[in-house]
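J.: Position one of the sequence shown corresponds to residue 179 (this note's numbering), numbered consecutively onward.
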Amino acid sequence: MSTTVDPRRKEKVNRYKPPQNQGQSGSGANEDLTPDYMNILGMIFSMCGLMMKLKWCAWFALYCSSISFASSRVSDDAKQVLSSFMLSVSAVVMSYLQNPTPMTPPWAAVI
179 MSTTVDPRRK EKVNRYKPPQ NQGQSGSGAN EDLTPDYMNI LGMIFSMCGL
229 MMKLKWCAWF ALYCSSISFA SSRVSDDAKQ VLSSFMLSVS AVVMSYLQNP
279 TPMTPPWAAV I
């Protein structure tokens, strides 16, 4: 007969407790808002690219929208993120359909 002694000490077990929100209401104080900010920036720059025909705005909108799309969570609204991404793609396409010449940076404009 083999009697084994259980080496675990039940009095030393610490159960996991999720951190409490300290005075914060809503979803939490440590929530990452980068996808939301990039989503808004992407929409603003894509509208500027479409309205003012600025190619660099359209490219920056595509950059912001792809960051927002890549860092969005599963619980986020997929329609809003996808519509922002498609708006920025359409801004790039429309800016090159209206003027197919290569983009010049704003600081290198010929006077």
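Note that beta-carbon positions come from the ideal geometry of N, C-alpha and C, so glycine has one too. It should be emphasised that the depicted structure is a prediction, and the values quoted were computed from it without experimental measurement.
1. Which residues mark the beginning and the end of the alpha helix (DSSP H) in which Trp234 is found?
2. Which of helix, strand or coil does DSSP assign to Met264?
3. Apart from the five residues on each side of it in sequence, which residues of its chain come closer than 6 Å, Cβ to Cβ, to Phe247?
4. When burial is assigned at 16 or more other CB atoms within 10 Å of the CB, is Leu228 buried or exposed?
5. State the CB to CB distance for the pair Gly220 and Ala239, rounded to an integer number of angstroms; the pair is presumed to be in contact (CB under 8 Å).
6. Residue range of the alpha helix (DSSP H) that Leu219 falls in?
7. Could you check the C-alpha separation between Val252 and Glu209 for me, to the nearest Å?
8. Under the rule that 16 or more other beta-carbon atoms within 10 Å means buried, what is Asn277, buried or exposed?
9. Quick one: using the 10 Å Cβ neighbour count with 16 as the cut-off for buried, is Ala269 buried or exposed?
T.: Quick look at the numbers:
1. Taking the sequence shown and counting its residues from 1, the one referred to as residue 234 is at position 56. Its alpha helix (DSSP H) spans residues 233-248.
2. The residue given as residue 264 occupies position 86 in the sequence shown. Correct three-state label for Met264: helix.
3. Start at 1 with the first residue of the sequence shown, and residue 247 comes out as number 69. So the qualifying residues of the chain are Val259, Phe263.
4. For the purposes of this step, residue 228 is taken as the residue at position 50 of the sequence shown. Looking at its Cβ environment, which holds 16 or more other Cβ atoms inside 10 Å, Leu228 is buried.
5. If you number the sequence shown from 1, residue 220 lands on position 42. If you number the sequence shown from 1, residue 239 lands on position 61. Rounded to whole angstroms, the Cβ separation of Gly220 and Ala239 is 5 Å, and the two are in contact under 8 Å.
6. Numbered from 1 along the sequence shown, position 41 holds the residue referred to as residue 219. For Leu219, the enclosing alpha helix (DSSP H) starts and ends at 212-230.
7. Your numbering for residue 252 matches position 74 in the sequence shown. Your numbering for residue 209 matches position 31 in the sequence shown. Their backbone Cα atoms lie some 14 Å apart in a straight line.
8. Here residue 277 refers to the residue found at position 99 when the sequence shown is read from its first residue. Counting C-beta atoms within 10 angstroms of its own C-beta, Asn277 has fewer than 16 neighbours from the protein chains shown and is therefore classed as exposed.
9. Looking up residue 269 in the sequence shown gives position 91. It is buried - the Cβ of Ala269 has at least 16 other Cβ atoms within 10 Å.
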